[in-house]
Amino acid sequence: MKADALKLVIFGVGLIGGSFSLALKKAGMVREAVGFGRSEKTLEEAKKLGIIDRTGMDEDLKDADIVLLAVPVGQMEDILKRISPLLGRCALVTDAGSTKGDVAKLAQFLGEKSAQFVPAHPIAGGEKSGPSAATADLFEGRKVVLTPLPENPAASVERARKAWEACGASVSEMTPEEHDEVFAAVSHLPHLLSFALVHDIASRENRDLLLSHAASGFRDFTRIAASSPEMWRDICLANRDALIIELDRYMKELDVIRGALQDKDVGMLEKIFSEARKTRSNWEPK
0 MKADALKLVI FGVGLIGGSF SLALKKAGMV REAVGFGRSE KTLEEAKKLG IIDRTGMDED
60 LKDADIVLLA VPVGQMEDIL KRISPLLGRC ALVTDAGSTK GDVAKLAQFL GEKSAQFVPA
120 HPIAGGEKSG PSAATADLFE GRKVVLTPLP ENPAASVERA RKAWEACGAS VSEMTPEEHD
180 EVFAAVSHLP HLLSFALVHD IASRENRDLL LSHAASGFRD FTRIAASSPE MWRDICLANR
240 DALIIELDRY MKELDVIRGA LQDKDVGMLE KIFSEARKTR SNWEPK
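Per numbering that gives the first Met the number 0, the sequence shown starts with residue 0, numbered consecutively.
Next up, the structure:
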């Protein structure tokens with residue numbers, strides 16, 4: 000443990016919050032981790048797994064060094080209102096929400112302490128959730144996007160950057176608006192489409208027959224439909240405007256493909272598929 004090790008307070012000790020704690024502990028940056036959550040069972044599990052040292056109390060916010068909000072965006076307003084009068088002046092608050100425009104607006108509920116809140120989005124996760132899914136290396140080599148607020152001092156942004164870098168992440172910055180436009184296209188829309196396809200199959204009378212013959216293509220495309228419905232409900236609603244724009248673009252693309260099928264337009268289908276294949280072949284996740 001480093002001499003300047005921190006006191007970490009986590010709201011939400013599941014996959015993301017738990018991994019953040021384990022990563023910082025592995026880096027020797029945490030002297031104590033305390034957790035808050037809606038389920039005592041989950042908090043007890045997190046303690047057994049070494050994610051947190053104990054369940055948090057309101058007093059823990061007074062001398063916290065870092066406070067991570069790893070909860071669905073829909074829960075953040077209540078938490079920010081709760082912690083505002085308790086938060087110490089030296090505490091850094093960050094989050095792990097997948098949308099940032101709405102989170103930036105929520106900073107107002109910290110009142111005069113809003114400058115202590117540096118929003119963040121770790122581009123990491125998985126279908127499994129809960130403390131048992133957390134790992135110390137979840138953020139290794141992954142991207143984390145910071146979306147600083149106008150009132151954030153440079154020192155606070157740097158503290159947030161160093162915390163995520165200590166987890167092994169590569170950190171970049173965007174405005175909240177730019178962030179939401181980007182992730183509507185490459186994250187939120189794919190999840191929406193995956194949920195929609197599985198829901199369509201599940202609603203058919205012959206769904207068991209269909210699923211019994213589904214193979215790797217269906218598995219790969221629908222893997223993300225096993226993600227948390229509560230979390231993705233909140234994400235889609237929070238980023239509704241940008242997501243509707245992307246959904247409309249995608250529907251136009253489908254109309255082009257439908258027209259090519261209707262017209263038996265071999266050239267158009269091959270052109271679309273070839274361009275898509277080339278782009279996908281040249282792309283490697285970073």
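Just so you know, even glycine gets a beta-carbon here, dropped at the ideal spot from N, CA and C.
For H178, which residues in the same chain have their Cβ closer than 7 angstroms to its Cβ, ignoring the five residues on either side in sequence?
The count along the sequence shown starts at 1 and reaches residue 178 at position 179. K99, H120, V144, T146, listed in sequence order.
For K24, count neighbouring C-beta atoms within 10 Å of its own C-beta (all shown protein chains included) and say buried if the count is 16 or more, exposed if not.
Walking along the sequence shown from the start, residue 24 turns up at place 25. It is buried - the Cβ of K24 has at least 16 other Cβ atoms within 10 Å.
For my contact list, A95 and A69 are in at a C-beta cut-off of 8 angstroms; report their separation, rounded to the angstrom.
The sequence position of residue 95 within the sequence shown is 96, counting from 1. The sequence position of residue 69 within the sequence shown is 70, counting from 1. Indeed they touch by this definition, with Cβ atoms about 5 angstroms apart.
Can you check DSSP and say which residues form a bridge with G129?
To locate residue 129, count along the sequence shown from 1; it is residue 130. G129 pairs with nothing; no bridge assigned.
What are the start and end residues of each continuous alpha helix (DSSP H) run of 4 or more residues lying completely inside the stretch 111-175, in chain order?
With a minimum length of 4 residues, the continuous alpha helix (DSSP H) runs that stay inside the stretch 111-175 are 153-165.
For S193, which residues in the same chain have their Cβ closer than 6 angstroms to its Cβ, ignoring the five residues on either side in sequence?
Residue numbering aside, residue 193 sits at position 194 when the sequence shown is read from its first letter. So the qualifying residues of the chain are T221, I223, A224.
Buried or exposed: where does C89 fall if 16 or more other Cβ atoms within 10 Å of its Cβ makes it buried?
Locating residue 89 in the sequence shown gives position 90, counting from the first residue. Burial call: exposed.
Are the Cβ atoms of L268 and A275 separated by less than 7 angstroms?
Looking up residue 268 in the sequence shown gives position 269. Looking up residue 275 in the sequence shown gives position 276. Going by C-beta atoms, L268 is not nearer than 7 angstroms to A275.
Does DSSP put T54 in a helix, in a strand, or in coil?
Along the sequence shown, one-based indexing puts residue 54 at 55. Correct three-state label for T54: strand.
For a quick check, are the C-beta atoms of A237 and P175 less than 7 angstroms apart?
Here residue 237 refers to the residue found at position 238 when the sequence shown is read from its first residue. Here residue 175 refers to the residue found at position 176 when the sequence shown is read from its first residue. In this structure, P175 does not lie closer than 7 angstroms to A237 by Cβ.
Starting from R248 and walking both ways along the alpha helix (DSSP H), at which residues does that stretch end?
Here the question's residue 248 lines up with position 249 in the sequence shown. First-last of the alpha helix (DSSP H) with R248: 239-261.
What residues in its chain sit with their C-beta under 7 angstroms from that of Q107, if we drop five residues either side in the sequence?
Along the sequence shown, one-based indexing puts residue 107 at 108. Excluding residues within five positions, the ones whose Cβ falls inside 7 angstroms are S113.
May I ask you to report which of helix, strand or coil DSSP gives G16?
Stepping through the sequence shown from its first residue, residue 16 is reached at position 17. Of the three classes helix, strand and coil, the one that applies to G16 here is helix, per DSSP.
Can you name the residues that DSSP bridges to L91?
Here residue 91 refers to the residue found at position 92 when the sequence shown is read from its first residue. I65, per the DSSP bridge assignment.
Got a sec, what are the start and stop residues for the beta strand (DSSP E) F35 sits in?
As a first step, residue 35 is located in the sequence shown; it is residue number 36 there, counting from the start. Segment 29-35, the beta strand (DSSP E) holding F35.
Give the single residue among E245, E229, K40 whose Cα lies nearest to the Cα of L188.
On the sequence shown, position 189 is the one that residue 188 refers to. Looking at the Cα atoms, E245 is the closest of the given residues.
Would A159 and R141 qualify as a contact pair, given that the criterion is a beta-carbon distance under 7 angstroms?
Taking the sequence shown and counting its residues from 1, one reaches residue 159 at position 160. Taking the sequence shown and counting its residues from 1, one reaches residue 141 at position 142. It is not a contact, given that the beta carbons lie outside the stated cut-off.
Taking the CB atoms as reference points, tell me whether A133 and L14 lie closer together than 7 angstroms.
Within the sequence shown, numbered from 1, the residue matching residue 133 stands at position 134. Within the sequence shown, numbered from 1, the residue matching residue 14 stands at position 15. Their beta carbons are under 7 angstroms apart, which means A133 touches L14 by this criterion.
Between the alpha carbons of G36 and S155, how many angstroms are there, rounded?
Numbered from its first residue, the sequence shown carries residue 36 at position 37. Numbered from its first residue, the sequence shown carries residue 155 at position 156. Using only the alpha carbons, I get a separation of about 26 angstroms.
Which residue wins for smallest C-alpha separation from V72, given the options V170, R53, A241, S97?
One-based indexing of the sequence shown puts residue 72 at position 73. Looking at the Cα atoms, S97 is the closest of the given residues.
Spatial neighbours of M75 within its chain, please: C-beta separation below 8 angstroms, excluding the five flanking residues on both sides.
Within the sequence shown, the letter at position 76 stands for residue 75. Closer than 8 angstroms at Cβ, skipping near neighbours: L68, D94, G96, V102, L105.
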